[in-house]
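Engineer: Chains as they are written, first to last, in full-length UniProt numbering: chain A, 1 to 259; chain B, 1 to 259; chain C, 1 to 259.
Every residue, glycine too, gets a C-beta built ideally from N, C-alpha and C.
Please read through the structure below; I'll follow up with questions.
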Amino acid sequence: MKFNNRNVFISDKAVIGENVKIGDNTCIYDHVVIEDNCIIGNDCIIGEPGNNYYFKDTYVNPKTVIGKNSLIRSHCIIYAGSEFGEGFSTGHRVTIRENSVFGKFCRLGTLSDIQGYVTFGDYCWLHSNVHIGQQSTIGNFVFIYPYVVFTNDPHPPSNICVGPTIGDFSQVAVGTVVLPGVKIGKHCLIGAQSLVGKDVDDYQLVAGNPGKLIKDVRDLKSRETGLSHYPWPYNFERGMPWENIGFDKWKIANGYEND
Amino acid sequence: MKFNNRNVFISDKAVIGENVKIGDNTCIYDHVVIEDNCIIGNDCIIGEPGNNYYFKDTYVNPKTVIGKNSLIRSHCIIYAGSEFGEGFSTGHRVTIRENSVFGKFCRLGTLSDIQGYVTFGDYCWLHSNVHIGQQSTIGNFVFIYPYVVFTNDPHPPSNICVGPTIGDFSQVAVGTVVLPGVKIGKHCLIGAQSLVGKDVDDYQLVAGNPGKLIKDVRDLKSRETGLSHYPWPYNFERGMPWENIGFDKWKIANGYEND
Amino acid sequence: MKFNNRNVFISDKAVIGENVKIGDNTCIYDHVVIEDNCIIGNDCIIGEPGNNYYFKDTYVNPKTVIGKNSLIRSHCIIYAGSEFGEGFSTGHRVTIRENSVFGKFCRLGTLSDIQGYVTFGDYCWLHSNVHIGQQSTIGNFVFIYPYVVFTNDPHPPSNICVGPTIGDFSQVAVGTVVLPGVKIGKHCLIGAQSLVGKDVDDYQLVAGNPGKLIKDVRDLKSRETGLSHYPWPYNFERGMPWENIGFDKWKIANGYEND
């Protein structure tokens, strides 16, 4: 049904692995490496050249690597000069600028906008329409929900660029803005539509505009069960590496004894 | 000017009605039914297959129906397995996932993102960049403004999925987040940039972060006229079925006597 | 690498200047004028016809002018009937409706959505995902950050349409909603995630939901330097016409003596 090889452009300087499927109307530019078993949807641009391409004759497209078993859905634009670990997957119309580094098994939702010069760990799941400013640093197992924005200019407009830092296992709920340079610890929960202007310690729930410390996430009870839901890895394992093993057993074998 | 039939792909398992126009670079996949007099813009994908298509050889694209007289603008992606009543119209770059059911004469603005497994009544108008999470249920004549988000996971991340429910004639203003499972009654007005975490009774105005009950919408005066604007159907009829008839007369003939 | 002239459509009623590059899969419709040295990316639609095109046989596409040295990145949709001064540049997936007038050297970020019937001065920089409603009026040197929304209907739904007005040199930070008809003066700073419902005098800092007057921007000290950052033109010149000249010297020569 799809993958008819209609109007596909692949640079002769790209490297395409085994069993890769590429959708109609997609362009793959110089020095893109697509590893085995990837699926690239329709109407994508992979290896989009940076600004210098338009203005410097000597421009050479930097290397881009899409890890094995990745699934990039239609209408995505990925700039040259980024790297994605295995099992990367996206929704539609994602934009990712240069110098973005993603670990393994990350997921980006439809319309997400990654501004480049960012680092993500493994198993980061971004929902639809997340905006990550330059110089953001995100740990492992971080979930970010729709319309969250990470900012980086404390006195706009200026030449300062300091993004937020988010620790492992933290969750940032829908519509929240994280201000420049804010450090959020591990296992935190930031409530919906918060404005986070101060650092957040490990295991804290912060919510509101301006964001305030509400309580320790471990004291937050599920409305459904009356039990603690956080730290969430004990209660959610779909798609996580501790699926069918349990977080307790997994964490000891994987260097997360203290989580 | 448009509709030159350039680089169009139509599955031989699709059914295209009379007088349908299809824009350049558009793909229409298996088991899509496009009824008479529809216009589909450029660069669209109609009947995008679900995730299983990539991984299961036995995948069959479910049926998709675009009702007669619909207008889908360019760069939209509509997954297989949804149904749209007559007179459906969209802006550009709309994404609609599977199992979305829309009544008659609904409109979706540019960049709207419908996550699937949702139900809309008739004459729902969504402005640009609205995000509707799974398991949301929306009545008739509901207007939703830009950057509104309907959420569904009360304790992220979890396996619980309970979307909001919105009654007939309600309005949700720009930038508002409606939290999981919240029930909003009929003829409500939710103010701009609110965070709605509690149920809202019929005819209530709720606003703020966190959202608070402000007053009955019938006590809200127009700044321009000094008169009540709500219930709005008495004061707005452009594109509505009571246009040129008046809401009073229409509602009696159409089962809305109590509105 | 790019600009292979693959699947490009250019109307014979369009006028293309010297040294213009047009990306693959792009359509340029009737009465579009693209001035010299412009770059148009892949998958764009320039001169998209308005609604009447679909329904009136007598429709004639109005004139669209893209000023010289402009750079429009991929997947943008620009409706017929707008005008862009020289040096216009956009990110990806920008949508611009009819009757939008932009001065010189304006920049629009990825996913921005300009609803038409708006006026921008020179050197306006909009970051990603900004939504500008109809009837908005924006001065010169105005910077607008991600997820800002300018609204225009005070009593939704109604037939009233009154957009905000923003003075020269003002800054609107991320996630802010500006309500219908609000007038923001010059050299203002609107903080992140604010809801601005009242007029703002020149040089004021307003923040919060609801937005409140915080202080004069000239009393705001940089956390880095301890010095005043505002009025910002004294401290930021990258890409501005006073680059390498200084704002003091430039403003006298250019009619901004009072700024």
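#1: If the criterion is Cβ atoms closer than 8 Å, does the pair B:V148 and B:V174 meet it?
#2: Let me confirm a value: B:V101 is counted as buried when at least 16 other C-beta atoms fall within 10 Å, else exposed. Which label applies?
#3: So what's A:N207 in DSSP terms, helix, strand or just coil?
#4: In terms of DSSP beta bridges, what is B:Q193 paired with?
#5: What are the boundary residues of the alpha helix (DSSP H) that A:F55 is part of?
#6: Give the list of continuous alpha helix (DSSP H) stretches no shorter than 4 residues that lie fully inside the stretch 70-156 of chain A.
#7: Kindly list the residues whose CB is nearer than 6 Å to the CB of C:I214, restricted to its own chain and excluding five residues on each side of it in sequence; keep chain order.
#8: Out of B:E83, B:S74, B:F55 and B:H31, point me to the one whose CA is closest to B:V94's CA.
#9: Could you please tell me which residues of the stretch 133-165 of chain B, in chain order, have their CB closer than 7 Å to any CB of chain C?
#10: What are the boundary residues of the alpha helix (DSSP H) that includes A:I252?
#11: Around the Cβ of A:K2, are there at least 16 other Cβ atoms within 10 angstroms (buried) or fewer (exposed)?
#12: Starting from C:I34, trace the beta strand (DSSP E) both ways and give me its first and last residue.
#13: Are the stretch 117-126 of chain B and the stretch 126-146 of chain A touching, with three or more C-beta to C-beta distances below 8 Å?
#14: Please name the residue in B:S112, B:R107 and B:D57 whose C-alpha comes closest to that of B:R97.
#15: Pick from A:I114, A:W232, A:W125 and A:K56: whose alpha carbon is nearest that of A:H131?
#16: I want to see whether chain B comes within less than 8 Å of C:S100, judged by CB atoms only; does it?
#17: Looking at C-alpha atoms only, which residue of B:I72, B:G255, B:I34 and B:Y234 is the closest neighbour of B:G246?
#18: Note down the Cα distance separating B:L126 from B:S89, rounded to an integer number of angstroms.
#19: Give the range of the beta strand (DSSP E) segment to which B:D216 is assigned.
#20: Quick check on this structure: which residue in C:V172, C:V178, C:N129 and C:L108 has the alpha carbon closest to the alpha carbon of C:Q135?
#21: Using C-beta distances below 8 Å, list every residue in its chain close to B:T64, excluding the 5 sequence neighbours before and after it, in chain order.
#22: Kindly say whether C:H229, judged by its beta-carbon, lies nearer than 8 Å to any beta-carbon of chain B.
#23: Looking at the strands, I want to know which residues DSSP matches up with B:V200.
#24: Would you list, in chain order, the members of the stretch 209-221 of chain B that have their beta-carbon closer than 7 Å to a beta-carbon of chain C?
#25: I'd like to check one pair, A:K68 with residue 266 of chain A: are the Cβ atoms closer than 8 Å?
#26: To which residues of the same chain is C:C188 closer than 6 Å at the C-beta, ignoring the five residues directly before and after it?
#27: By how many angstroms is the C-alpha of A:N140 removed from the C-alpha of A:D168?
#28: C:D113 touches chain B at which residues, Cβ-Cβ below 7 Å?
#29: Can you name, in chain order, every residue of its own chain whose Cβ lies under 6 Å from the Cβ of B:K21, other than the five neighbours on each side?
#30: Got a sec? Which residues, its chain only, sit under 8 Å from C:G91 by beta carbon, not counting five neighbours each side?
#31: Does the distance from the CB of A:K186 to the CB of A:T165 come in under 8 Å?
#32: What are the residues of the stretch 48-63 of chain A that lie near chain C, defined by any Cβ-Cβ distance shorter than 8 Å?
Structural biologist: Quick answer:
#1: Taking the second sequence and counting its residues from 1, one reaches residue 148 of chain B at position 148. Taking the second sequence and counting its residues from 1, one reaches residue 174 of chain B at position 174. Yes.
#2: As a first step, residue 101 of chain B must be located in the second sequence, where it is residue number 101. With a threshold of 16 other beta carbon atoms within 10 Å, B:V101 falls short and is exposed.
#3: Taking the first sequence and counting its residues from 1, one reaches residue 207 of chain A at position 207. According to the sequence displayed, residue 207 of chain A carries Ala and not Asn. Here A:A207 sits in strand by DSSP.
#4: Looking up residue 193 of chain B in the second sequence gives position 193. Listed as beta-bridge partners of B:Q193 by DSSP are no residues whatsoever.
#5: Within the first sequence, the letter at position 55 stands for residue 55 of chain A. It spans N52 to F55 - the alpha helix (DSSP H) in which A:F55 sits, taken as one unbroken run.
#6: None, since the stretch 70-156 of chain A contains no complete alpha helix (DSSP H) of that length.
#7: Within the third sequence, the letter at position 214 stands for residue 214 of chain C. These residues qualify, in order along the chain: L205 and A207.
#8: Mapped onto the second sequence, residue 94 of chain B falls at position 94. With distances taken between CA atoms, B:V94 lies nearest to B:S74 out of B:E83, B:S74, B:F55 and B:H31.
#9: Correct list: F143, Y145, P146 and Y147.
#10: In the first sequence, counting from the first residue as 1, residue 252 of chain A sits at position 252. Counting along the chain, the alpha helix (DSSP H) containing A:I252 begins and ends at F247 to A253.
#11: Here residue 2 of chain A is taken as the residue at index 2 of the first sequence, counted from 1. With 16 or more other Cβ atoms from the protein chains shown falling within 10 Å of its own Cβ, A:K2 counts as buried.
#12: The residue you call residue 34 of chain C lines up with position 34 of the third sequence. Looking at the DSSP string, the run of the beta strand (DSSP E) that includes C:I34 is V32 to I34.
#13: The stretch 117-126 of chain B and the stretch 126-146 of chain A do not touch, with fewer than 3 CB-CB distances between them shorter than 8 Å.
#14: If you number the second sequence from 1, residue 97 of chain B lands on position 97. Among B:S112, B:R107 and B:D57, the Cα nearest to that of B:R97 is on B:S112.
#15: Counting from one through the first sequence, the residue named residue 131 of chain A turns up at place 131. Here the closest residue by C-alpha is A:I114.
#16: The residue given as residue 100 of chain C occupies position 100 in the third sequence. No, C:S100 lies away from the interface with chain B (no Cβ there is under 8 Å from its Cβ).
#17: If you number the second sequence from 1, residue 246 of chain B lands on position 246. Ranked by Cα distance from B:G246, the options B:I72, B:G255, B:I34 and B:Y234 are led by B:Y234.
#18: By 1-based counting over the second sequence, the position of residue 126 of chain B is 126. By 1-based counting over the second sequence, the position of residue 89 of chain B is 89. Between the C-alpha atoms of B:L126 and B:S89 there is a straight-line separation of about 10 Å.
#19: The count along the second sequence starts at 1 and reaches residue 216 of chain B at position 216. Secondary structure note for B:D216: its beta strand (DSSP E) is the uninterrupted segment K212 to D216.
#20: Residue numbering aside, residue 135 of chain C sits at position 135 when the third sequence is read from its first letter. Sorting C:V172, C:V178, C:N129 and C:L108 by C-alpha distance to the C-alpha of C:Q135 places C:V178 at the top.
#21: Here the question's residue 64 of chain B lines up with position 64 in the second sequence. So the qualifying residues of the chain are H31, V32, V33, I46, G47, I78, Y79, A80, G81, S82 and E83.
#22: Mapped onto the third sequence, residue 229 of chain C falls at position 229. Chain B, which has no Cβ nearer than 8 Å to the Cβ of C:H229, makes this no.
#23: One-based indexing of the second sequence puts residue 200 of chain B at position 200. Per DSSP, the beta bridge partners of B:V200 are B:I184.
#24: Within the stretch 209-221 of chain B, the qualifying residues are N209.
#25: Limits of chain A in this structure are 1 at one end and 259 at the other, which puts residue 266 of chain A out of reach.
#26: To locate residue 188 of chain C, count along the third sequence from 1; it is residue 188. Beyond the five residues adjoining it in sequence on each side, C:C188 comes within less than 6 Å, by CB distance, of S170, V200 and Q204 in the same chain, given in chain order.
#27: One-based indexing of the first sequence puts residue 168 of chain A at position 168. One-based indexing of the first sequence puts residue 140 of chain A at position 140. Going from the Cα of A:D168 to the Cα of A:N140 covers about 5 Å.
#28: Mapped onto the third sequence, residue 113 of chain C falls at position 113. Per Cβ cutoff of 7 Å: T110, L111, S128 and N129.
#29: Taking the first residue of the second sequence as position 1, residue 21 of chain B is located at position 21. Around B:K21: F3 and I39.
#30: The count along the third sequence starts at 1 and reaches residue 91 of chain C at position 91. Within the same chain, and ignoring the five residues on either side of C:G91 in sequence, the residues whose Cβ sits closer than 8 Å to its Cβ are R73, L108, G109, T110, L111, S112 and S128.
#31: As a working mapping, residue 186 of chain A is identified with position 186 in the first sequence. As a working mapping, residue 165 of chain A is identified with position 165 in the first sequence. No. Outside cutoff.
#32: Answer in chain order: E48, P49, Y53, Y54 and N61.
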